[in-house]
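**Q** So that we are looking at the same thing, I have put the structure below in C-alpha cells.
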Amino acid sequence: MFLFDYHGSSDKGAVEMNRKEVQAWFPLRDEELQSFEQAGLYDHPKAENGLMEYDDKDIKRLSLLVTLTQIGMNMEDIKTYIGYERCDIDQKSKKVLLLKKHRQALLEKLHDQQKCIDCLDMLLYDLQGCCCKR
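Residues in the sequence shown are numbered consecutively from 22, following the working numbering.
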C-alpha cells in the first residue's frame, strides 16, 4: 500500500496531466476515476480537444482520494471528509474525529485478525505435536 502525497509542481507553472498520465501516477482504473467524478468528490477536469485535463488542484484532490481509499475508507466517509474540506468554516476537528474513528475500526479488525492467527497457530501446534510423537 502506498500513501500518495502530491504537493504540486516544483516549478512556478501549473502542472496539467491527461487521464493516462494521471493513471500512470496513481493506481487508478477508469471506473475508479469515474466513480470519484460521479460522486462529486472533485470538479470534472476541463476537456481540451476531447481529452480530460487534470490541473494541480485536481491532482492534489486525487492524491487525497486515493489515500483515503487505500486506507479502506468507504465512499460515504470519503464524501463526508471531502464535504468538511469544502465548508467555509474550519472543520479540522471533524476531520480528525473521522480519521480517528476509521483508525479505531482498523485496529479492531487487526485485533480480530490477530485472534484468528493465534487460533491457526494453536491448530498448527497441535497438528505438528501429534506428528512429532509418532
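Glycine included, each C-beta is placed from N, C-alpha and C at the ideal position. Here the structure is a predicted model, which is why all the values come from computation and not from measurement.
Could you spell out the range, first to last residue, of the beta strand (DSSP E) harbouring Glu37?
**A** Note, Glu37: premise wrong, no beta strand (DSSP E); not H, not E.
**Q** Which residues bound the alpha helix (DSSP H) around Gly61?
**A** Run containing Gly61: none; DSSP gives neither H nor E here.
**Q** Starting from Met94, trace the alpha helix (DSSP H) in both directions and tell me its first and last residue.
**A** No alpha helix (DSSP H) contains Met94, which DSSP labels as neither H nor E.
**Q** Classify Gln112 as helix, strand or coil using the three-state DSSP reduction.
**A** Note: Gln112 maps to coil in three-state DSSP.
**Q** Take every Cβ of the segment 115-122, pair it with every Cβ of the segment 88-103, and state whether three or more of those distances are shorter than 8 Å.
**A** They touch, by the three-pair rule.
**Q** With distances taken from CA atoms, which of Pro48, Ile138, Glu97 is nearest His123?
**A** Among Pro48, Ile138, Glu97, the Cα nearest to that of His123 belongs to Glu97.
**Q** Is Ile80 buried or exposed, if buried means 16 or more other CB atoms sit within 10 Å of its CB?
**A** Under this definition Ile80 is a buried residue.
**Q** What would DSSP say about Leu49, mapped onto helix, strand or coil?
**A** Three-state result, Leu49: coil.
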